[in-house]
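J.: Before anything else, here's the structure in question.
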Amino acid sequence: MIEKREEIKNYNIWQPLLLSVMMIMGMVLGYKMNDADNPPLIQGIDMDESFAIYGSGRVEEIIRFVDTRYVDEVDDSDLVESAITAVLDQLDPHSVYIAPEYMKSINASMEGQFKGVGIESYYLDDTVNIISVIKDSPADKAGLERFDQIIAINDIVVAGKGLPFSDISDMLSSEEEDKEVRIHKYRNKTDERVQLSITEIPLRSVEIFYMLTDKVGLIKIDRFSSKTYKEFMEALEDLVENQNLSHLIIDLRDNPGGYLPETTNILSQLMKEKDRLLVYTEGKANDRIDYTTTGKSFFNVERIAVLIDEDSASGSEILAGALQDWDRGLVVGRRTFGKGLVQEQYPLSNGGAIRLTVARYYTPTGRSIQQSYDNLNDYHDVSKRYSSDTIQIVDSLKYYTKILGREVYGSGGIYPDVYVPISAADEDPGLISILSQIPEWTYMQLRDDKLNFEGTIEQIATWELPTEVLQSFNEYVSGQKNQFAAGYLNNYVSVIRKEIKAQMARILFGEIAENKVQIIGDKALDEALNYVQSDNSLEEYLESYN
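First residue of the sequence shown: -19, per the working numbering; consecutive thereafter.
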C-alpha cells in the first residue's frame, strides 16, 4: 500500500484514472476462474470492447511528462503500480492490486494444484529440509524422504549459500511440463543424486476427514478451490460407504473462502429438497443471480454442525449462512469475518492483476453479511469477534430462518447459534510467539534423533510427553532470547505440551494425526458433538441450550 496523499483524497479521479491505468497496462481478456455456467465470487470479464470508449486520459499525460521532463530517473512501472494502488485504496478493502510475484501462489491455491516436485520443507540453517513427500509425486517416486536435506539442484550447490528460499523454490518449479531436475540429497551421513520431473502437484483443500465416533464424521475444508467439491465428495463417500457415517461436522474455521460454485455444490449435497435458494448475488450493474439446490444428493447425512470463527470468510459464510437460514444444522463458534462481496479479476500485461468488487451476495433470508468498511481499523480488528458481549444487534438487522422462524442477524458476519469465546491462550501474543517456534524445533529434534515416539497414529494423541522434552524446549526458547520465555513456559505447560505432540504427529503421521491431537479440549467441537449425538431436534436443542 502507498501513502494516501491529500490531493488524491480531495480529487475525485477514481473512475477515469482506473480506466486509464487499465488501458496503459494493456488489459485484455479477463481471466475466467471457474466454469461458465456458475459465475464464481471471483471471475473475469472480456474488456476488449467494453471500455474502448474511454480512450487515453490524464494518467498517460502525467507519466509522459514525468518520463520526459522530471529531474531524476524514475521507473514508469512503479508509477503505474502506485497509481493503481492509490485508486483501489479509495474503494472497499477487497478491491486490490495483485503484484506479479504473488500471482503464482494465489492461482495455485485457487486452482488446487501447482507445478513442482511434491515436497513440503523447512529452510533451516540455509538448507532445505524435507518435512513430507506427497504420495505418488515425482519426489516420492524418486525416493526422497522425510528428513532428507537438499544440497544441490542441477549441480548448483544451494545449501549453506545464504540463498533466498524463493530462489531455491523457483529451481524446483517450472511452467514447463515434465522438466527434468537433478537433486543431490543428504541424510544420515550419506548422500545420493536423483533425477525427477517437475509436474502438476495437487494442492488439496480437503485434507482432513475422519470419524470422531462410530457415527459422527469430521470434514475440514481449508478453502474453496476449483477442486473442493470433488475432494469433499470423495471424503464424504469414504466416511459414509466405508465407515458408516450418520452425522457430519464441517470445520470451516480459518477458511477464507474461494469459488462460489464449489460452495453451492456442497450445499446441494447437504439438502434433499429441490430448488431451495442457497444464495443470491446482486449489484448495481449485475442482475440478481439465484443459486438453488438440485435435489440430487448422493448420500444420506442426518444431523449437521458447522464450526466457524473470526477467520471464516466469503464462501465459508455462504455455507454456514445457508445451513443456518434453512435450519439444516447447528452453527458453532465465533462470529465470522463478514465478507459478502462478489469480485471480478482482470489480468494486467505485467503479469499482475486487479480484483474489483461488482456485487454483494445474500443468504436465503436476504441477509447481507458484509460488515461495514467505513472504519478500516475496526474492519480488520478480529478481536471484536472474540466474545459475545462485543456483538450489538439492532432490530433492522434481524431476519428469521425459513423453517423454525428463529432470529438470525445480518451486516457483520454469520452469528453462531452456539457461541464459544476464544480462550485466553489463543489470544495471548506471548504464547503465540513461543508456539511459533515449536514446528521447526520439533522437526530438528526428530531429525537428529533427540526425540522419539515408538507408538502408532492411534496412540500419539494420548501419549504423555516426557518432562525432559519440555525442559529441552525451554532451553531452546531461552537461547533464542525470546522476550516472552520466562513466565509463559511455566504458565502454559499443557498448551505447549499439546502443540509439541501435534507437530510430532504431523511430521510422523500427517495432518489427520495432527488434527486428532489439536482437537483435544476443543470446546467448539465438543458443543457440535453434543448436538449431533443428542436425541433433541435443532429447535429443542437450542431451547435447552438457551
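Note that CB positions come from ideal geometry on N, CA and C, so glycine has one too.
In this structure, does DSSP put residue 278 in helix, strand or coil?
T.: Correct three-state label for residue 278: coil.
J.: Which residue wins for smallest C-alpha separation from residue 107, given the options 117, 165, 56?
T.: Ranking the options by Cα distance to residue 107, first place goes to 165.
J.: Within 10 angstroms of the Cβ of residue 245, are there 16 or more other Cβ atoms? Answer buried if so, exposed if not.
T.: Buried, because 16 or more other Cβ atoms sit within 10 Å of the Cβ of residue 245.
J.: Can you give me the C-alpha to C-alpha distance between residue 156 and residue 162, rounded to a whole angstrom?
T.: Roughly 15 Å between the two C-alpha positions.
J.: What are the boundary residues of the alpha helix (DSSP H) that residue 295 is part of?
T.: Where residue 295 is concerned, the enclosing alpha helix (DSSP H) stretches over 295 to 305.
J.: If we ignore side chains and look at the alpha-carbon of each, how far apart do residue 317 and residue 293 end up?
T.: If you take the alpha carbons of residue 317 and residue 293, they lie about 5 Å apart.
J.: Can you give the Cα-Cα distance for residue 525 and residue 309, rounded to whole angstroms?
T.: Between residue 525 and residue 309, the C-alpha separation is close to 15 Å.
J.: Distance, Cα to Cα, residue 354 vs residue 121?
T.: Their backbone Cα atoms lie some 53 Å apart in a straight line.
J.: Rounded to the nearest angstrom, what separates residue 518 and residue 242 at their Cα positions?
T.: Their backbone Cα atoms lie some 26 Å apart in a straight line.
J.: Considering only residues of the same chain and omitting the five flanking positions on each side of residue 457, which have a CB-CB separation below 7 Å?
T.: Hits under 7 Å: 414, 417, 465, 469.
J.: State the Cα-Cα distance for the pair residue 196 and residue 250, rounded to the nearest angstrom.
T.: Cα to Cα, residue 196 sits roughly 15 Å from residue 250.
J.: Might you give, ordered along the chain, the residues of its own chain that have their beta carbon closer than 7 Å to the beta carbon of residue 101, omitting 5 neighbours on each side?
T.: Contacts found: 108, 109, 110, 111.
J.: Hey, would you say residue 305 sits closer than 8 Å to residue 382, going by beta carbons?
T.: Going by C-beta atoms, residue 305 is nearer than 8 Å to residue 382.
J.: Could you tell me which residues DSSP pairs with residue 160 in its beta bridges?
T.: DSSP output for residue 160 lists 177 as bridge partner(s).
J.: Please go through the same chain and pick out, in chain order, the residues whose beta-carbon is closer than 8 Å to the beta-carbon of residue 136, but skip the five residues on each side of it.
T.: So the qualifying residues of the chain are 151.
J.: Which of helix, strand or coil does DSSP assign to residue 313?
T.: Note: residue 313 maps to strand in three-state DSSP.
J.: If you draw a straight line from the C-alpha of residue 520 to the C-alpha of residue 291, how long is it?
T.: Rounded to whole angstroms, residue 520 to residue 291 spans 29 Å at the Cα level.
J.: Hey, quick one: how far does the beta strand (DSSP E) through residue 112 stretch, first residue to last?
T.: Looking at the DSSP string, the run of the beta strand (DSSP E) that includes residue 112 is 107 to 113.
J.: Report the three-state DSSP secondary structure of residue 35 (helix, strand or coil).
T.: Reliability fails at residue 35, whose pLDDT of 43 lies under 50, so the model's placement of it is uncertain and the value that follows must be treated cautiously. Note: residue 35 maps to coil in three-state DSSP.
J.: Counting pairs of Cβ atoms below 8 Å between the segment 319 to 328 and the segment 343 to 350, do you hit three or more?
T.: With a cut-off of 8 Å, the segment 343 to 350 and the segment 319 to 328 count as touching, because enough Cβ pairs lie within range.
J.: Looking at chain B, is there any beta carbon in it that lies within less than 8 Å of the beta carbon of residue 300?
T.: The question asks about chain B, but that chain is absent: this structure has only one protein chain.
J.: Quick check: the Cα distance between residue 287 and residue 131, rounded to an integer number of angstroms?
T.: Distance between the alpha carbons of residue 287 and residue 131 is about 43 Å.
J.: Could you pull the start and end residues of the beta strand (DSSP E) that residue 96 belongs to?
T.: From DSSP, the beta strand (DSSP E) with residue 96 extends over 93 to 96.
J.: Between the segment 77 to 94 and the segment 173 to 192, can you find at least three pairs of beta-carbon atoms closer than 8 Å?
T.: The answer is yes - the segment 77 to 94 touches the segment 173 to 192, with three or more Cβ pairs under 8 Å.
J.: With a Cβ-Cβ cutoff of 8 Å, do residue 225 and residue 191 count as a contact?
T.: Contact: yes.
J.: Would you mind reading off the limits of the beta strand (DSSP E) that contains residue 339?
T.: First-last of the beta strand (DSSP E) with residue 339: 333 to 342.
J.: In angstroms, rounded to a whole number, what distance separates the CA positions of residue 81 and residue 334?
T.: Near 13 Å, if we compare the C-alpha coordinates of residue 334 and residue 81.
J.: For residue 38, does the count of other Cβ atoms within 10 angstroms reach 16, so buried, or fall short, so exposed?
T.: Answer is exposed; the Cβ neighbour count stays below 16.
J.: Return the Cβ separation of residue 230 and residue 284 in integer angstroms, given the expectation that the two are a contact with Cβ distance under 8 Å.
T.: At roughly 7 Å, the Cβ-Cβ gap stays under 8 Å, so residue 230 and residue 284 are in contact.
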